[in-house]
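Q: Below: one structure in structure tokens.
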Amino acid sequence: MTDCIFCKIAKKEIPAEVAFENDDLIAFNDRNPLAPVHILIIPKRHIASINDFGMADVELVGQMILVGKNIAEDLSISEKGYKLLFRVGEWGGQEVPHIHLHLIGGARLYEDIYPL
Ligand code: AMP
Ligand code: ZN
Numbered sequence: 131m132t133d134c135i136f137c138k139i140a141k142k143e144i145p146a147e148v149a150f151e152n153d154d155l156i157a158f159n160d161r162n163p164l165a166p167v168h169i170l171i172i173p174k175r176h177i178a179s180i181n182d183f184g185m186a187d188v189e190l191v192g193q194m195i196l197v198g199k200n201i202a203e204d205l206s207i208s209e210k211g212y213k214l215l216f217r218v219g220e221w222g223g224q225e226v227p228h229i230h231l232h233l234i235g236g237a238r239l240y241e242d243i244y245p246l
């Protein structure tokens with residue numbers, strides 16, 4: 131999609147700090163991190179949100195979760211724990227209409243300081 135900021139990141143038209151990439155997915159640091167680790171995992175193919183998620187996307191979205199898990203392991207935050215979060219639509223707080231999985235961690239996320 132031409133006007134989508136995350137499509138542009140996937141196509142390297144906008145810079146990002148890339149944490150992982152393969153043919154289908156790219157993961158990069160959130161530019162406004164809410165915790166010490168805050169990475170967004172996106173498919174390179176445009177899917178607007180979980181509301182548009184269908185059987186044809188099951189493997190892709192499954193891969194997103196696996197990549198989140200693998201990055202968490204690489205960053206040594208798995209044992210303590212972390213969050214994987216999809217926001218969906220306006221009331222879910224989704225600002226960018228290209229599906230993305232937040233990997234958020236590196237701190238206790240249930241205390242006042244990180245009310246996520
Ligand atoms: P959401 O509210 O779930 O749609 O999350 C969108 C996230 O994308 C926010 O956490 C933003 O900080 C992040 N974001 C927006 N534009 C960029 C960008 N160009 N590079 C990195 N992160 C971005
Ligand atoms: Zn897009």
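Numbering of the sequence shown is given in our numbering, commencing with residue 131 and proceeding in unit increments. Glycine included, every Cβ here is placed at the ideal spot set by N, Cα and C.
Residues near the ligand ZN, CB to any non-hydrogen atom under 6 Å, in chain order?
A: Those residues are MET131, CYS134, PHE136, CYS137, HIS176, HIS228, given in chain order.
Q: Going by the beta-carbon positions, is the gap between HIS230 and HIS176 smaller than 9 Å?
A: Cβ distance not < 9 Å, so HIS230 and HIS176 don't count as in contact.
Q: If we call anything under 9 Å between Cβ atoms a contact, is VAL148 one with ALA157?
A: Closer than 9 Å, so yes.
Q: Is LEU205 helix, strand or coil by DSSP?
A: Of the three classes helix, strand and coil, the one that applies to LEU205 here is coil, per DSSP.
Q: Kindly indicate which three-state DSSP category ALA140 falls into: helix, strand or coil?
A: Residue state, collapsed to three classes: helix.
Q: Using alpha carbons as the reference points, say which of GLU225, ILE169, ARG217 lies closest to GLY198.
A: GLY198 has its Cα closest to that of ILE169, out of GLU225, ILE169, ARG217.
Q: Which word fits LEU196, buried or exposed, when buried means at least 16 other C-beta atoms lie within 10 angstroms of its C-beta?
A: Exposed: under 16 other Cβ atoms inside 10 Å.
Q: Please tell me whether, using a cut-off of 8 Å, the distance from the CB of ASP160 to the nearest non-hydrogen atom of the ligand AMP is below it.
A: At least one heavy atom of the ligand AMP is nearer than 8 Å to the Cβ of ASP160, so yes.
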